[in-house]
Structure formats: structure tokens, C-alpha cells
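S.K.: Line by line, the protein sequences give chains D and L.
Numbering (our numbering) for the first sequence: 247 to 295.
Numbering (our numbering) for the second sequence: 108 to 308.
In this text, a Cβ means the ideal position worked out from N, Cα and C, and glycines have one as well.
These numbers were taken from a predicted model, which means no experiment stands behind them.
This is the structure, below, for whatever I ask next.
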Amino acid sequence: MTYARYIYVWAALLVLTAITVTTAELNIGRAGIIVVLAIAAVKSTLVLL
Amino acid sequence: MELEARDHKVFSRVGMWLFLLSEILIFGGLFLVYAMYRAKHPADFHAASLELSRFDGTLNTAILLTSSLTAVLAIFSLQELNKPKHAALYLAATIGFGFAFLVVKAFEWAAKFQHGLYPRAAELGTRPHGEILYFGLYFTMTGLHALHVIIGMVVLSVMLVWVLGKKATQKNSAALENAGLYWHLVDIIWIFLFPLFYLIS
């Protein structure tokens, strides 16, 4: 196990944050909240890895 | 019967997870209240969310995610590499990021107060019912979260002193590990608060 693994997870989390914000900007209505919360759930899992 | 060190470690970890679950229950109740009111006033929640700065929210998300990285690197440095000095530096960085988060949050709250958007303010009283509920929930939930950030910073500061004072070592790192778990919880709660308050389309 090395530092690298944690850096990857951190980078993935930042990318997911960017996707979340972009999704919200698109104003795709009701589906938006589902996408945003699904990403939040994935992010929480990554934090715990 | 003698308890071995390994058992103590398991007990402390189970205890920590029970505590974290109780924390999730506290916020879970608030998330339910939020869901009910948002379902009732979707347009008001959207209008109110536009008052928040998406930039500040995104910035704070990045700050907390990075602080979780430095927290895990502190644990890794002590447990796997046995480098207490590195661990102490990472802990100090984590505390610094926590402080940066609070500074951004303080600016955001101050802006809301300036615009009269706080519970029981005259200006907010003229707004639709859903917006009043939104800001009530906003201050309650981000306030409770900020309190957790402050507590986390205090806990991490104690860990910093312990690492420097050789009270937390490679062989005795359960407390540091639990402190890290607590900090991750603080991060995860924000990961949910951010889209729920800043990104309502």
C-alpha cells in the first residue's frame, strides 16, 4: 500500500464534485437530484475506502 | 479472562462505529425534515438556493475533501511508515483545512446576515413560506455541521499533541484512527449538505 491509492481516491472525489456541479448547472429537473445524491453516495463510499 | 491488545482495538473500533451511527441518526432526522419541506415547496427552495454562492460551496467541498486526504495520510504515516513527524505535519494540515473551511463558511453566513436572510429577520419574513423554511434548515444544518468541524479540529489537535508526545505511536494508533473516522464523517455530511442546499435545480 502506498500514498498513490489515496491520491487517486482524492482525485476521483474532486472529479465527482465537478460532475455534480455541472449536472446542477444543466437544470435537468427531477433527474438532477437523483444524479446528485447518487454521486454523493458514491463519494461517501470512496471516503471510507 | 485477560483481554488482549487486539480485543481492545476491536472494541474501540466497534464503539466508534456505534457513535458514528448515532451521529448519522441526528443528521438523518434533519435530512427527513428537509425532504418533507422541499417536496412541499420545491419552487421556494430553488429560489432560496440561488442566494447561496455555488463557488463558495464548491470551494469548501474541495477543502474538506483535501482535508480528508491529509487525515488519512497522517494515519498512514504513523501506522505503515512509522514516521510520527510526517503524521504530525499532515494532522496540522488537516486542522488548517478545517479552519479554512470555517473561514469560508463565516463569510457566507455574514453575507446572509447582511442581506437579512437569517431566522426571524424582518426581510426574511416578507419572503414566501418555503424560503423561510429553507433558511431555517440551512442555518440549523450547516451550523450543526460547523460545530462538528470545530469538535473535529479539537480532537485532531489532541492527536497532534499525542503524536508529538509519543502517546500515539505505530503500535498504539487506535485513537488516531478513530479521530480520522470522525473527520471522514464530517466530510461525508458536507458531501450531502452541499448538493442539497447549493444545487437545487
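#1: Measuring only between beta-carbons, confirm whether residue 254 of chain L sits less than 7 angstroms from chain D.
#2: Could you check if residue 124 of chain L is buried or exposed, using at least 16 other CB atoms within 10 Å of its CB as the buried criterion?
#3: If you reduce the DSSP assignment to three classes, tell me which class residue 115 of chain L lands in.
#4: What is the DSSP secondary structure of residue 148 of chain L, counted as helix, strand or coil?
#5: From what residue to what residue does the alpha helix (DSSP H) around residue 252 of chain L run?
#6: In chain order, what residues of the same chain lie with their CB nearer than 6 angstroms to the CB of residue 175 of chain L, ignoring the 5 residues before and after it?
#7: Identify the continuous alpha helix (DSSP H) that holds residue 170 of chain L and give its terminal residues.
#8: Could you tell me the alpha carbon to alpha carbon distance between residue 230 of chain L and residue 243 of chain L, rounded to whole angstroms?
#9: Please state if the CB of residue 249 of chain L and the CB of residue 263 of chain D are separated by a distance shorter than 7 angstroms.
#10: Tell me, please, whether the stretch 218 to 234 of chain L touches the stretch 115 to 129 of chain L by the rule of three or more beta-carbon pairs shorter than 8 angstroms.
#11: Do residue 286 of chain L and residue 263 of chain L have their C-beta atoms within less than 7 angstroms of each other?
#12: For residue 251 of chain D, name the three-state secondary structure that DSSP assigns.
#13: Which first and last residues belong to the alpha helix (DSSP H) in which residue 306 of chain L is found?
#14: So, are the CB atoms of residue 287 of chain D and residue 306 of chain L less than 7 angstroms apart?
#15: Which of the three DSSP states, helix, strand or coil, is assigned to residue 137 of chain L?
#16: Listing by chain order, which chain L residues have their CB less than 9 angstroms from the CB of residue 263 of chain D?
#17: Assuming contact is defined by CB atoms lying nearer than 7 angstroms, are residue 268 of chain D and residue 285 of chain D in contact in what I supplied?
#18: List, in order along the chain, the chain B residues whose C-beta lies closer than 9 angstroms to that of residue 306 of chain L?
#19: Does residue 259 of chain D come within less than 7 angstroms of chain L when only Cβ atoms are used?
#20: Answer with yes or no whether the minimum CB distance from residue 258 of chain L to chain D is below 7 angstroms.
#21: On the criterion of 16 or more Cβ atoms from any shown chain inside 10 Å, does residue 143 of chain L qualify as buried, or is it exposed?
#22: Cα separation between residue 150 of chain L and residue 248 of chain D?
#23: Under 7 angstroms Cβ-Cβ, which residues of chain L neighbour residue 286 of chain D?
#24: Measuring CA to CA, which of L:164, L:128 and L:239 is closest to residue 299 of chain L?
#25: List the whole-angstrom C-beta distance separating residue 52 of chain L from residue 245 of chain L, where the pair is believed to meet the contact cut-off of C-beta under 8 angstroms.
M.R.: Taking the coordinates as given:
#1: Residue-level contact check: residue 254 of chain L does not touch chain D, since none of the beta carbons of chain D fall below 7 angstroms from its beta carbon.
#2: Classification of residue 124 of chain L: exposed, given that the 10 Å Cβ count is below 16.
#3: Three-state DSSP puts residue 115 of chain L in a helix.
#4: When secondary structure is reduced to three states using DSSP, residue 148 of chain L falls in the coil class, being assigned neither helix nor strand.
#5: Residue 252 of chain L -> alpha helix (DSSP H) spans 236 to 271.
#6: The beta carbon of residue 175 of chain L lies closer than 6 angstroms to those of 291 and 294 in the same chain, with the five residues before and after it left out.
#7: DSSP places residue 170 of chain L inside the alpha helix (DSSP H), whose first and last residues are 161 to 186.
#8: Their backbone Cα atoms lie some 14 angstroms apart in a straight line.
#9: Their beta carbons are not under 7 angstroms apart, which means residue 263 of chain D does not touch residue 249 of chain L by this criterion.
#10: As far as the Cβ criterion goes, the stretch 218 to 234 of chain L does not touch the stretch 115 to 129 of chain L, which means the pair count is below three.
#11: Yes. Within cutoff.
#12: Helix, per DSSP.
#13: According to the DSSP assignment, residue 306 of chain L belongs to no alpha helix (DSSP H), since it is labelled neither H nor E.
#14: No, the Cβ-Cβ distance between residue 287 of chain D and residue 306 of chain L is not below 7 angstroms.
#15: Three-state result, residue 137 of chain L: helix.
#16: When 9 angstroms is used as the limit between beta carbons, residue 263 of chain D is near these residues of chain L: 165, 168, 169, 172, 298 and 301, in chain order.
#17: Going by C-beta atoms, residue 268 of chain D is not nearer than 7 angstroms to residue 285 of chain D.
#18: Included in the structure are the protein chains D and L, with no chain B among them.
#19: Residue 259 of chain D counts as touching chain L.
#20: Not closer than 7 angstroms to any Cβ of chain D, the Cβ of residue 258 of chain L fails to qualify, so no.
#21: With fewer than 16 Cβ atoms within 10 Å of its Cβ, residue 143 of chain L is classed as exposed.
#22: In this structure, the alpha-carbon of residue 150 of chain L lies about 48 angstroms from that of residue 248 of chain D.
#23: Within chain L, the residues placing a beta-carbon under 7 angstroms from that of residue 286 of chain D are 298, 299 and 302, ordered along the chain.
#24: When each option's Cα is compared against that of residue 299 of chain L, the closest is L:164.
#25: A question about residue 52 of chain L goes unanswered here, because the residues of chain L that appear run from 108 up to 308.
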